[in-house]
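The structure appears below as structure tokens.
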Amino acid sequence: MRIKTPYTIVSLNYLAFYTTLAAWNPFVVIFLQQAGWTGFEIGVFSAIGPLLAFLTQPLWGLVSDAWGNVRLLYILLLAATAGSVAVFGFLPVSALFFALAVLMGITQGPLSAMLDSMAVKALQEHSNRIGQARLWGSLSFAIVVLVMGTVFDRNNAAIFPAFVLTSCLAIAVSLSMPAQDSSLRQPDFRLGSIRQAVSRPFLFFLGAAFLLQMGNSTVMPFLSLVLVERGASSALVGYAWGGTALVEIPVFAITAKLLRRHRPEQLLITAGLINTLRMFLFAFTPNPWLLVFIHAIEGLAFPLITVGLVLLIDELVKPEFKTTGFTLQAACSHTLPRFLGSVWGGRIMDLFGGTGLFLVGAAITALGTAAMGLWWTKFRDRPKAHTAVSS
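Our numbering puts the first residue of the sequence shown at 27, with every later residue one more than the last.
Pasting the structure below:
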């Protein structure tokens, strides 16, 4: 049966894509730890991918905008990522695994931003429904991560075939997305073209978004390790990740209503306050079951951040540079913070444990929340690139 509605198409693509992340992200650091890697080595592994992604994401965005076929490039990069994971699934854990981080950083890094770009273009004037579509990604993430927690306890190498299979699903579903938009002027493929995609409000926004996400990116690569350090089993780690994703679902569902009364910036500021409180509570809680519930608070903040960032990029960036704008945003608010957080987060955890790590994360998040508030105050009357948010 042919899928007709853009909302259904976007929802299915989010559902499929986030199964790939659920099968891999929460468990790969535990896999490496069980193979004998230190916190510092895991931190380096976690940092390599974000560093390469930060350097290449804007280039992939410019390539896709210049090419005009975001969907095909998305499929090729997703297939390349799955192929890399498949090969390393047959290899023993060694220093060679750092090469896997390199490959995944290059090929997996831009995928989420490219999917957001395709989603906004598919939804068009209904882009304020993107949160309702994105909730299906949280649902699939929750289901897969809960299943994988139990599977991982029995066979930790199962994350490799699981990632490959879920990637095949995501590729198949992505064929339903529109291939390209021939109505837009395609920019030239030159590095100087990136300057045309940005404005002064956009540049300041990237700085505020970086600080807002930096604290969370410092702690999240080590969340699974902190839980294990405080007595959690692999299954309980799965509950922590999966339970948080379940909390996200109703919040994503009401984002369209929230946007009728509040600006996307206000959603971001609220999320920053929530995350600051969560990290502070997490720092001083020893019981692993209580930590699962405290971490679930992140499910209140994540949808607000996701929707707020997507809609502000859609508003601030010219249509012909949409994917470039999304990849620049991903590089500054997700990838660069992940890289820096992985580098110093591993060192902080080795020196001060999980408590020190989460206290540092809370302090940085509070600073980022203040920066976003200042940005909103300064640019609240900014001119819009085009009308992006409908009510």
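Ideal Cβ placement from N, Cα and C applies to all residues, glycine included.
- With respect to the C-alpha of T176, the residue from L293, V111 and S260 having the closest C-alpha is S260.
- If you draw a straight line from the Cα of S225 to the Cα of L81, it is about 20 Å long.
- I68 and G94 have their C-alpha atoms some 37 Å from each other.
- When A139, G257, V70 and G334 are compared, the shortest CA-CA separation from L88 is found for A139.
- Looking at the backbone, the Cα of G325 and that of L126 are separated by about 29 Å.
- Shown here, V343 sits in coil according to DSSP, grouped into three states, outside any helix or strand.
- Contact annotation: the region 244-257 touches the region 310-322, with at least three C-beta pairs closer than 8 Å.
- Exclusion of the five residues before and after L161 leaves I275, F278 and A279 as the residues of its chain whose Cβ lies within less than 6 Å of its Cβ.
- P32 and L362 do not touch by the CB rule: their CB atoms are close to 31 Å apart, not below 8 Å.
- Counting the other CB atoms within 10 Å of its CB gives S120 a total below 16, which places it among the exposed residues.
- By the Cβ-count criterion, V343 is buried, with 16 or more other Cβ atoms from all chains shown falling within 10 Å of its own Cβ.
- Sorting V113, V245, A282 and S72 by C-alpha distance to the C-alpha of R155 places A282 at the top.
- Judged by DSSP in its simplified three-state form, A139 adopts helix.
- Between V96 and D340, the beta carbon gap of about 14 Å keeps them out of contact (Cβ cut-off 8 Å).
- Taking C-beta atoms as the reference points, F178 and F71 fail to come closer than 7 Å.
- Taking 7 Å as the cut-off, the Cβ atoms of A388 and A234 do not count as close.
- In this structure, T353 sits near P136, with a CB-CB distance shorter than 7 Å.
- Classified as exposed, Q150 has fewer than 16 neighbouring CB atoms from the shown chains inside 10 Å of its CB.
- Pairing F365 with A73 gives a Cβ-Cβ distance under 7 Å.
- Look at F123 here: in three-state DSSP terms it is helix.
- Look at the beta carbons and you see the region 176-196 touching the region 102-115: at least three pairs across the two are nearer than 8 Å.
- Under the criterion of beta carbons closer than 8 Å, S243 and A159 do not qualify as touching, at roughly 24 Å.
- Unbroken beta strand (DSSP E) runs of no fewer than 3 residues, entirely contained in the region 319-394, are not found.
- Taking a C-beta distance under 7 Å as the contact criterion, L330 and L293 qualify as a contact pair.
- Excluding its 5 nearest sequence neighbours in each direction, L47 has C-beta neighbours in its own chain below 8 Å: F167, listed in chain order.
- The C-beta separation of W50 from I185 comes to about 6 Å, placing the pair in contact by the 8 Å criterion.
- Each of A309, T296, H321 and D376 was checked against the Cα of G394, and the nearest Cα belongs to T296.
- Counting along the chain, no alpha helix (DSSP H) covers F310, and no H or E run does either.
- Judged by their CB atoms, D91 and F347 are nearer to each other than the 7 Å cut-off.
- When rounded, the separation of the alpha-carbon atoms in L232 and R180 is 42 Å.
- Following the DSSP letters along the chain, one finds G241 inside the alpha helix (DSSP H) bounded by residues R226 to V245.
- For a cut-off of 8 Å, the C-beta gap from L229 to P290 is around 17 Å, too long to register as a contact.
- Remark: C-beta atoms of Q83 and A357 approach each other more closely than 7 Å.
- Counting along the chain, T82 sits inside the alpha helix (DSSP H) bounded by residues G65 to W93.
- A distance below 7 Å separates the beta carbons of M144 and M203.
- In its chain, beyond the 5 residues on either side, V70, F71 and I74 have a beta carbon closer than 8 Å to the beta carbon of F124.
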